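Numbering (this note's numbering), first residue to last: 52 to 273.
Worksheet: one structure, shown below.
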Amino acid sequence: MDRIFEPELMVGEDQAHAYAHADFSEPHNNFIKMFQGQYCNREIEGYVLDIGCGPGDIMFRFARAHHKCSIHGIDGSEAMIRYGLKFLEEAGDIRHRVAFIQGVLPEKILPREKYDVIISNSFLHHLHNPQVLWDVVRKYAMPAAPVFIMDLRRPKSIDEACQLTKTYVANEPEVLRKDFYHSLLAAFEVEEIIEQLEITGLRHLSVNIASDRHVIVSGFMK
Ligand SMILES: C[S@@+](CC[C@H](N)C(=O)[O-])C[C@H]1O[C@@H](n2cnc3c(N)ncnc32)[C@H](O)[C@@H]1O
Numbered sequence: 052m053d054r055i056f057e058p059e060l061m062v063g064e065d066q067a068h069a070y071a072h073a074d075f076s077e078p079h080n081n082f083i084k085m086f087q088g089q090y091c092n093r094e095i096e097g098y099v100l101d102i103g104c105g106p107g108d109i110m111f112r113f114a115r116a117h118h119k120c121s122i123h124g125i126d127g128s129e130a131m132i133r134y135g136l137k138f139l140e141e142a143g144d145i146r147h148r149v150a151f152i153q154g155v156l157p158e159k160i161l162p163r164e165k166y167d168v169i170i171s172n173s174f175l176h177h178l179h180n181p182q183v184l185w186d187v188v189r190k191y192a193m194p195a196a197p198v199f200i201m202d203l204r205r206p207k208s209i210d211e212a213c214q215l216t217k218t219y220v221a222n223e224p225e226v227l228r229k230d231f232y233h234s235l236l237a238a239f240e241v242e243e244i245i246e247q248l249e250i251t252g253l254r255h256l257s258v259n260i261a262s263d264r265h266v267i268v269s270g271f272m273k
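Shown next as structure tokens:
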């Protein structure tokens, strides 16, 4: 099945509101656990970059799990960042270690030249040109930085996409069900991701199927 693009930025107020208020505790805690498993519970210090951070739920969880790091999250959607800043105000303990940056990649220049860790969840499939993500990783990751990028992978057929939507988001509001379905159609296949990494000189990163709908790219930067 060919890829069907979706809009890059999630700028709609309804869309951002639904996304910001959805309960992602299970998948996002899982993201943190898988990161820790991948990197043997190593102590994370310095600066972490979350690419396409949305309203920041993963950044908040990451900051609570790793007390010695600061996290910068970048997102091009003003609505997403607005929700993120609201949640950050209420977040108390981690407030001084999490920062949101609004800007569209690849144009936006980040405040640090390099980051000690790079994470990203559910961002790659939004990009019309996927090399944007890999170029940002290459530009901003410190040598030896752990990289952990999770995304959806494209099903083989529309039927499979419908089935996954039924299985995983049947009880979510319509806007989230539609988002998930369109995201599946916009996602990349594992072979396509491997090709993207080859083009960017990042082929040493591992590409692993993590579930019936997820793929993870991870490893240390050279
Ligand atoms: C599905 S959300 C994922 C949010 C968050 N990572 C999470 O897992 O909850 C993808 C986010 O990427 C942002 N985005 C897409 N393309 C972008 C670009 N070129 N530059 C910056 N942000 C972008 C969207 O605005 C959206 O908020």
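C-beta atoms are modelled at their ideal positions from N, C-alpha and C, and glycine is treated no differently.
Because the structure is a prediction, the values reported are computed rather than measured.
Exposure label - residue i; buried when at least 16 CB within 10 Å
i, result
"S173", "buried"
"H123", "buried"
"P58", "exposed"
"D74", "exposed"
"Q247", "buried"
"F56", "exposed"
"G270", "buried"
"S208", "exposed"
Proximity of residue i and residue j at Cβ, strictly below 7 Å
i, j, result
"I170", "A116", "no"
"Y90", "P197", "yes"
"V241", "V268", "no"
"A261", "L236", "no"
"V168", "V266", "no"
"H79", "D108", "yes"
"E64", "A130", "yes"
"P10", "G135", "No answer is possible for residue 10: the residues shown for the chain start at 52 and end at 273."
Collapsed DSSP secondary structure at residue i in the structure displayed
i, result
"R112", "helix"
"H79", "helix"
"H265", "strand"
"M40", "What is shown of the chain runs 52 to 273, which leaves residue 40 out entirely."
"G154", "coil"
"D210", "helix"
"G124", "strand"
Rounded distance between the beta-carbons of residue j and residue i, thought under 8 Å
i, j, result
"T216", "Y232", "5 Å"
"R54", "R205", "6 Å"
"L139", "V149", "6 Å"
"I102", "V226", "Not quite, the Cβ-Cβ distance comes to about 23 Å (not below 8 Å), so this is no contact."
"L175", "I200", "7 Å"
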